[in-house]
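Working notes, beginning with the structure itself.
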Amino acid sequence: MSPRPTPAHGPAPDPTLTVAICAYTLERWTLLRAAVDSVHRQQPPPGELLLVIDHNDELLRKAHELPGVTVLANRQRTGLSGARNTALAAARGTVTAFLDDDAAARPGWSATLLAAYRDERVLGAGGPVVPHWQHGRPRWFPPAFDWVVGCSHSGMPRRPDRVRNLIGANMSFRTDAARAAGGFRTDLGRVGRRPLGCEETELCLRLAARHPGARMHYDPSAAVRHHVPRQRATVRYFAARCLAEGRSKAMVARRTGPGPALASERAYLRRTVPAALRRALLRGRLGTATALTGGVLLTAGGYLAQRAAQLTNHQERGTP
């Protein structure tokens with residue numbers, strides 16, 4: 040399928056919306072119900088709400104209890120990317136929005152996303168993911184590292200703006216463009232509790248390469264609230280997630296090149312982290328300063344370890 044031509048400007052026909060929620064465990068059933076309810080309360084309501092169950096037969100049976108939802112089984116590889124691709128294949132809306140099963144859309148979410156697509160340059164739109172800590176934010180946990188728990192970090196735009204990539208818990212794409220690009224890579228992304236990611240970053244980069252002049256649009260008004268359980272508010276999870284993020288970035292950089300894959304990260308390291316570190320030191324928060332420094336080192340370590348593994352594998356494959 041040939042790429043969608045991208046006009047320089049101009050209004051597009053009114054878009055229609057499919058919302059997709061992907062779930063894999065019964066442990067988050069209460070949160071899943073809240074996610075579904077938050078979508079039903081949107082004005083305008085979406086044309087359809089898809090719930091994709093990721094290889095869990097018990098959850099698949101129970102999901103049919105939810106009203107106003109089309110329940111699908113993930114027919115692709117186990118994991119979030121495969122589940123999202125199942126939704127993309129089934130979606131009837133011209134725009135498909137993805138909401139995590141432990142997130143809840145705030146009022147005005149769907150209307151704000153749809154408004155972005157009146158500009159045909161926009162291929163993807165999303166907004167902030169606000170953490171809702173189960174037992175409060177740990178004193179040492181820096182807002183600059185809220186991406187560790189799948190949320191928007193400090194330093195994100197405060198007004199509508201163009202961004203490199205959207206956040207997985209709160210993102211949408213033109214359905215035909217995402218399908219034509221091949222959807223989400225199933226060798227990236229979270230599988231169960233394995234904390235790898237960056238599948239949405241890789242798709243955004245791929246769409247940008249296929250459609251020069253296209254935009255990923257971020258609007259602070261299109262917000263969702265994301266549940267952060269106490270298990271993710273620990274030093275152990277913080278460290279594991281930083282290492283995994285570094286590995287994921289290396290995997291994306293191998294496919295897209297380090298320039299596009301790391302452009303936002305360079306700006307983050309130049310501005311967001313130093314500003315957060317200064318604030319922490321001025322306020323005497325040594326735990327936060329340690330987390331900022333350690334998080335950067337762990338993420339860099341994960342990146343370098345993955346790059347070394349890639350180089351070793353390449354050399355071994357090239358050995359007669």
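Going by the working numbering, the first residue of the sequence shown is number 40, and it counts up by one from there. For each residue, glycine too, the CB sits at the ideal point set by N, CA and C. All values reported here derive from a predicted model rather than from experimental measurement.
Counted within 10 angstroms of its Cβ, other Cβ atoms place residue i as buried (16 or more) or exposed
{"i": "His174", "result": "exposed"}
{"i": "Gly222", "result": "buried"}
{"i": "Thr351", "result": "exposed"}
{"i": "Pro299", "result": "buried"}
{"i": "Glu239", "result": "buried"}
{"i": "Pro106", "result": "exposed"}
{"i": "Leu321", "result": "exposed"}
{"i": "Ala47", "result": "Note that Ala47 scores a pLDDT of 45, beneath 50, so its modelled location is shaky and nothing firm can be said."}
{"i": "Pro44", "result": "Any reading at Pro44 must be qualified, since the residue scores a pLDDT of 43, below 50, and its modelled position is unreliable; no value is offered."}
{"i": "Leu22", "result": "Residue 22 lies beyond the range of the chain shown here (40 to 359); nothing can be said about it."}
{"i": "Glu66", "result": "exposed"}
{"i": "Arg269", "result": "exposed"}
{"i": "Ala348", "result": "exposed"}
{"i": "Thr338", "result": "buried"}
{"i": "Pro251", "result": "exposed"}
{"i": "Arg280", "result": "buried"}
{"i": "Thr358", "result": "With a pLDDT of only 44 at Thr358, under 50, the local geometry of the prediction cannot be trusted, and no value is derived from it."}
{"i": "Asp53", "result": "exposed"}
{"i": "Asp96", "result": "exposed"}
{"i": "Pro159", "result": "It is worth fixing the name first, because residue 159 is Glu in this sequence and not Pro. When all chains shown are included, Glu159 counts as buried."}
{"i": "Val302", "result": "The sequence shown places Ala at residue 302, not Val. Exposed, by the Cβ-count rule."}
{"i": "Glu304", "result": "buried"}
Under 7 Å between C-beta atoms of residue i and residue j
{"i": "Ala328", "j": "Ala319", "result": "yes"}
{"i": "Thr125", "j": "Val91", "result": "yes"}
{"i": "Asp140", "j": "Ala59", "result": "no"}
{"i": "Ala278", "j": "Arg245", "result": "no"}
{"i": "Leu127", "j": "Arg218", "result": "yes"}
{"i": "Val188", "j": "Arg294", "result": "no"}
{"i": "Val312", "j": "Glu241", "result": "no"}
{"i": "Pro441", "j": "Asp258", "result": "The chain is shown from 40 up to 359; residue 441 falls before or after that span and cannot be answered."}
{"i": "Ala74", "j": "Leu119", "result": "no"}
{"i": "His256", "j": "Ala314", "result": "no"}
{"i": "Trp172", "j": "Val274", "result": "no"}
{"i": "Ala122", "j": "Asn113", "result": "yes"}
{"i": "Trp186", "j": "Gly326", "result": "no"}
{"i": "Leu227", "j": "Cys237", "result": "yes"}
{"i": "Ala130", "j": "Ala208", "result": "no"}
{"i": "Ser149", "j": "Leu71", "result": "no"}
{"i": "Ala11", "j": "Ser77", "result": "Residue numbering for the chain in the displayed model covers 40 to 359; residue 11 lies beyond these limits and cannot be assessed."}
{"i": "Ala253", "j": "Leu316", "result": "no"}
{"i": "Thr225", "j": "Arg116", "result": "yes"}
DSSP bridge partner residues for residue i (one or two, in chain order)
{"i": "Trp179", "result": "Per DSSP, none; premise fails for Trp179."}
{"i": "Tyr257", "result": "Gly165 and Asp200"}
{"i": "Ser211", "result": "Ala136 and Ala164"}
{"i": "His171", "result": "His266"}
{"i": "Ala142", "result": "His265"}
For residue i, the first and last residue of its enclosing alpha helix (DSSP H)
{"i": "Trp186", "result": "No alpha helix (DSSP H) contains Trp186, which DSSP labels as neither H nor E."}
{"i": "Leu244", "result": "Glu238 to Arg249"}
{"i": "Leu282", "result": "Val274 to Thr295"}
{"i": "Leu99", "result": "Asp96 to Ala102"}
{"i": "Ser193", "result": "It is not in any alpha helix (DSSP H) - Ser193 carries neither H nor E in the DSSP assignment."}
{"i": "Arg313", "result": "According to the sequence displayed, residue 313 carries Pro and not Arg. Start and end: Val312 to Leu321."}
{"i": "Thr117", "result": "Taken as a continuous stretch (DSSP letters only), Thr117 belongs to no alpha helix (DSSP H), as it is neither H nor E."}
{"i": "Leu70", "result": "Trp68 to His79"}
Boundaries of the beta strand (DSSP E) in which residue i is found, first to last residue
{"i": "Phe223", "result": "Per DSSP, Phe223 belongs to no beta strand (DSSP E) and is neither H nor E."}
{"i": "Arg264", "result": "Val263 to Val267"}
{"i": "Val108", "result": "Segment: none, Val108 is in no beta strand (DSSP E) and carries neither H nor E."}
{"i": "Leu88", "result": "Glu87 to Ile92"}
{"i": "Thr57", "result": "Leu56 to Ala62"}
{"i": "Ala130", "result": "Ala130 -> no beta strand (DSSP E), and no H or E assigned at all."}
Heavy atom of the ligand MG within 6 Å of residue i beta-carbon
{"i": "Ala253", "result": "Judged by which ligands are present, the structure shown has none, so any question about the ligand MG falls away."}
Report task. Decide if the stretch 164-181 is in contact with the stretch 257-271; the criterion is three or more beta carbon pairs, one per stretch, under 8 Å apart. Result -> yes
Query - Touch test, the stretch 204-212 against the stretch 322-340, Cβ-Cβ under 8 Å, three pairs minimum - result: no
Query - Any 3 or more C-beta pairs closer than 8 Å across the stretch 274-290 and the stretch 335-342 - result: yes
Query - Cβ contact (3+ pairs, closer than 8 Å) linking the stretch 125-142 and the stretch 209-224 - result: yes
Report task. Report yes or no: do the stretch 73-83 and the stretch 143-158 share at least 3 C-beta pairs separated by less than 8 Å? Result -> yes
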